[in-house]
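J.: Please find one structure pasted underneath; my questions will follow.
Protein chains: 2
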Amino acid sequence: MSVRITALKARDIRFPTSDHLDGSDAMHTDPDYSAAYVVLETDRVGLEGHGLTFTIGRGNELCVAACEALARLVVGRTLESITKDFAGFWRALTSDSQLRWVGPEKGVIHLATAAVINATWDLYAKSRGVPLWKLLVDLSPEEFVSAIDFRYLSDVLTRDQALEILRANEPTKAAREAQMRAEGYPAYTTSAGWLGYSDEKIRKLCREGIAEGWRHFKIKVGADLSDDLRRAAVVREAIGPERFLMFDANQRWDVGEAIANMKELARFDPWWIEEPTSPDDVLGHAAIAKAIAPIGVATGEQCQNRVVFKQLLQANAIRFCQIDSCRLGGVNEVLAVLLLARRFGVPVCPHAGGVGLCEYVNHLIMVDFIRIAPTLENRVAEFVSHLHEHFEHPAQVRKGHYLVPTAPGYGITMKAASLEAYEFPSGRVWRERHARRLAAR
Amino acid sequence: MSVRITALKARDIRFPTSDHLDGSDAMHTDPDYSAAYVVLETDRVGLEGHGLTFTIGRGNELCVAACEALARLVVGRTLESITKDFAGFWRALTSDSQLRWVGPEKGVIHLATAAVINATWDLYAKSRGVPLWKLLVDLSPEEFVSAIDFRYLSDVLTRDQALEILRANEPTKAAREAQMRAEGYPAYTTSAGWLGYSDEKIRKLCREGIAEGWRHFKIKVGADLSDDLRRAAVVREAIGPERFLMFDANQRWDVGEAIANMKELARFDPWWIEEPTSPDDVLGHAAIAKAIAPIGVATGEQCQNRVVFKQLLQANAIRFCQIDSCRLGGVNEVLAVLLLARRFGVPVCPHAGGVGLCEYVNHLIMVDFIRIAPTLENRVAEFVSHLHEHFEHPAQVRKGHYLVPTAPGYGITMKAASLEAYEFPSGRVWRERHARRLAAR
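If you read the sequences in order, they're chains A and B.
If you count the first sequence from 1, position 269 lands on 269 in my numbering, and the numbers rise without skipping.
If you count the second sequence from 1, position 70 lands on 511 in my numbering, and the numbers rise without skipping.
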């Protein structure tokens, strides 16, 4: 019954989202939501693992090449040899004696690690015929922590402390699983708040959002303060005083600027300010957090690894921990950060603004609630409403809640027709665009 | 007289240094010192800019591809349009609206940025017919700071504060330039201390080093404490009590481990411990620094950018700032970190263990001493004695001092024969190795 990985194929998939400014923000003005898409082929007929890492266009080819560079560490391995020491496998990928120089554990090589690691977990769950979240929920505490590399974490989180967290939640796990199946997990939407949308479009999207049951609304800020103030007023008026408003500055500000601008924007009663400055600036986030309390600081979509999250938590720099399923090196490192956040009592509100991220996050929030942080207080997961049609089993949201995934695997398998049409630059969509551009000259 | 960049060529150059364990350490056990080598071609006959980024083998192809991804931001530009707003050019490369997602400012894309930026400075200096250090020393303070992007630094270093540092040093600049021309800049050697060398070889290299005038000796630690203690004893005995001994753990330890192990290694009176833990762990370094004082903590060769250096300085985490000419995004960002370190009163002791790094560092230390930090106290630049034969103008060291570079440019131009022989995988050296391996089967 053993399964052997016989090949790793990586594809460059891009969607021309910049045509309509979907996903535009103060730093990323013309994103083409993209994926370095990995398929692990096996010697068992019909069984494959699928994973992706998310990028926004140019540079996706670098992640594809990095996935290929990791192939030698994966191809030929049996799934069993990986899963019986998943932390060891993760460390083999992140600590290759030569490849680590071009990271370590950050940037292109770490994004690629996420695609490969996530494909491996997808394969694992599919081989068992269960959704990933359910696989993780049903592992014994010892199996669960055996997937985590505690290197560089032991000053704040040891294996024993992780086990303690898991064991404390065991008796009540089943009740929370039932709750998730019945109610789902609370979500928020960024769909109304991209830069580049007109006020009218923003109002319309807010109205629609309220009708659909959303209670949290996030808008992009940071390009221009007066424009931010105007758009914040539009949204606050549209959603009323009781719903939650969040801001996202996408790293546009220096520390002093962030503090000054948030003093202005405070009048719209924001719940959080996301990415107020450089994602690398732990101490800067701590200074901002102190200055603008009780408004919370949120960050994480570009936090490179567990070591940076560890410090954000140690420094009281964040009140919301926004893990990213691809920026971190896949499921193993996400689990480490969920446990870290739990240890510091900080809620995890995952980032999902990108193609495939909602599909991933849908599994991770179930694991967090059922096994690690048994509360929904101050917790919401991002949901963005585009590009789901390309997935075989897209994330399902109802009345502002993510529903429990039911298909086997990690939910990221794309439709074959989408992969073909959007492959860059050879797919139909990109060939047609190229032809139109030539014709327009 | 304007010069236009007409093409960017990137080549994958690798040296099989793993054959003899040169450069081996606890994390990088089999490095093949490598370079993603960039040539900027221009419309002026005979004028080219050369730059490289350093890696240790696998993954070098990713940096080459990333250099190619940056080409669209460089090719077609005039040198004048770049140098009149060099900070703007630097930001254009580091903040491309799509490419920045796969960084930002870290890992593969930032290493590639260094190669391209350094090639641009090489072109600039060659177009003026002067060595890079001399170009930088003779810029007006205003021109000098116009090369620096102060984004994310303004909470501790503004343009005005940078100008103040430079202006204070203007009156005494010429004397320090004369001093450098006469005496050179103090260096230390790592050549004796790689893991994998026998005790006998270590003793021999120490004796040779002393005879050549070296006063600082660095050894690798971190793989095994008892082995570290033995090798430290060998070196301390060989160099005597008056010379300086430094340790380099290459990130092998967790925070608690680093503190415990340094309590043991303290008996050999080390001057510094380098990279005791994750390069991303600012707060970890600060905790170690506090616990092991007066032994100094040094780090930087894998510090991804100026934002991390800013925090290491803010947190009193380092007593020695080890900038890397390729890990940082080239000359512009190095200048920012030199100014930051000056502001905090921390000496800069550059990392140079890699191909081409000594050649780069040779220029940067001159700029640091002449313009920014006008003292040699507690300052030494690393020197490693291999692979210099591949450069047209290799770094010159005499009696433990780097001599002032005299050839125009940034000193990194490789000999054409070396580029051809070591190109991966098509060069002669790699083809022959491949053939030998096939024959040995």
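Note that the Cβ used here is the ideal one computed from N, Cα and C, for glycine as well.
These figures come from a predicted structure and were not determined experimentally.
1. Answer yes or no: do I759 of chain B and H792 of chain B have a C-beta to C-beta separation smaller than 8 Å?
2. Can you tell me the Cα-Cα spacing of R656 of chain B and Y629 of chain B, whole angstroms?
3. In whole angstroms, what is the alpha-carbon distance linking V367 of chain A and G213 of chain A?
4. Is there a Cβ of chain B sitting closer than 8 Å to that of Y33 of chain A, yes or no?
5. Taking the alpha carbon of L576 of chain B as the reference point, which residue from B:P846, B:Q745 and B:V870 has its own alpha carbon closest?
6. Chain B beta carbons: is any one of them nearer than 8 Å to that of N305 of chain A?
7. In chain B, which residues lie with their C-beta within 7 Å of the C-beta of G59 of chain A?
8. Is Y188 of chain A close to chain B? Criterion is C-beta to C-beta, closer than 8 Å.
9. For T535 of chain B, go through chain A and note every residue whose CB falls closer than 8 Å to its CB, in chain order.
10. DSSP has C321 of chain A in a bridge; who is on the other side?
11. Check each candidate in B:V543, B:S475, B:R812 and B:V586 and name the one with the smallest Cα separation from Q302 of chain A.
12. Does S2 of chain A pass the burial test, meaning 16 or more other C-beta atoms within 10 Å, or should it be called exposed?
13. Since P582 of chain B is in the beta strand (DSSP E), which residue starts that stretch and which ends it?
14. Could you tell me if K310 of chain A is buried or exposed, where buried requires 16 or more neighbouring beta carbons within 10 angstroms of its beta carbon?
15. Helix or strand or just coil, what does DSSP make of E48 of chain A?
16. Tell me the residue span of the beta strand (DSSP E) that contains H216 of chain A.
17. Looking at the C-beta of T458 of chain B, does it have a partner C-beta in chain A at a distance below 8 Å?
18. Runs of 3 residues minimum, wholly inside the segment 46-124 of chain A: which ones carry the beta strand (DSSP E) assignment?
19. Find the nearest neighbour of G681 of chain B within the set B:G663, B:G650, B:V696 and B:D689, judged by alpha-carbon distance.
20. Measuring CB to CB, does Q763 of chain B end up less than 8 Å from A728 of chain B?
21. Are any of the Cβ atoms in chain B nearer than 8 Å to that of A449 of chain A?
22. Report the residue from B:K614, B:K525, B:E823 and B:L646 whose alpha carbon sits nearest the alpha carbon of S587 of chain B.
23. Within the 8 Å Cβ cut-off, does L724 of chain B reach chain A?
24. Do you know offhand how far R14 of chain A's Cα is from V307 of chain A's?
25. Check for me: the beta strand (DSSP E) holding Y478 of chain B runs from which residue to which?
26. If you count every other CB in all the chains shown that lies within 10 Å of the CB of A730 of chain B, and 16 or more means buried, which is it?
27. Nearest-angstrom Cα distance between W562 of chain B and V772 of chain B?
28. Can you give the Cα-Cα distance for G490 of chain B and G107 of chain A, rounded to whole angstroms?
29. Does DSSP put M855 of chain B in a helix, in a strand, or in coil?
30. Please return the same chain residues whose Cβ sits closer than 6 Å to the Cβ of L604 of chain B, not counting the five positions on each side in sequence.
31. Looking at chain B, is there any beta carbon in it that lies within less than 8 Å of the beta carbon of H351 of chain A?
32. Looking at the C-beta of R592 of chain B, does it have a partner C-beta in chain A at a distance below 8 Å?
33. Quick one: what's got a C-beta closer than 8 Å to S34 of chain A's C-beta in the same chain, skipping five residues either side?
34. Could you give the distance in angstroms between the alpha-carbon of R784 of chain B and the alpha-carbon of L79 of chain A?
35. Which partner residues does H401 of chain A have in the DSSP bridge list?
36. Starting from D228 of chain A, trace the beta strand (DSSP E) in both directions and tell me its first and last residue.
T.: Checking against the coordinates, here is how it stands:
1. no
2. 7 Å
3. Each residue's Cα considered, the two are about 24 Å apart.
4. no
5. B:P846
6. yes
7. A510, Q539, L540, W542, V543 and I550
8. no
9. Neighbours of T535 of chain B in chain A, taken as residues whose beta carbon is under 8 Å from its own, are absent, since the nearest beta carbon is some 11 Å off.
10. A:T299 and A:V348
11. B:V543
12. exposed
13. P582 of chain B -> not in any beta strand (DSSP E); alpha helix (DSSP H) instead, spanning P582 to V586.
14. buried
15. strand
16. Segment H216 to K220, the beta strand (DSSP E) holding H216 of chain A.
17. False, the Cβ-Cβ gap to chain A never drops below 8 Å.
18. 48-55
19. B:G650
20. no
21. The structure shown does not extend to residue 449 of chain A, since chain A is modelled only from 1 through 441, so no value can be given for it.
22. Nearest option by C-alpha distance: B:K525.
23. yes
24. In a straight line, the C-alpha of R14 of chain A is about 30 Å away from that of V307 of chain A.
25. S475 to T483
26. buried
27. 7 Å
28. 27 Å
29. strand
30. P582 and V586
31. No, H351 of chain A lies away from the interface with chain B (no Cβ there is under 8 Å from its Cβ).
32. yes
33. Contacts found: D12, I13, R14, F15, F54, T55, I56, G57, N60, V355 and F424.
34. 53 Å
35. A:P186 and A:R398
36. Note, D228 of chain A: premise wrong, no beta strand (DSSP E); alpha helix (DSSP H) at L225 to I239.
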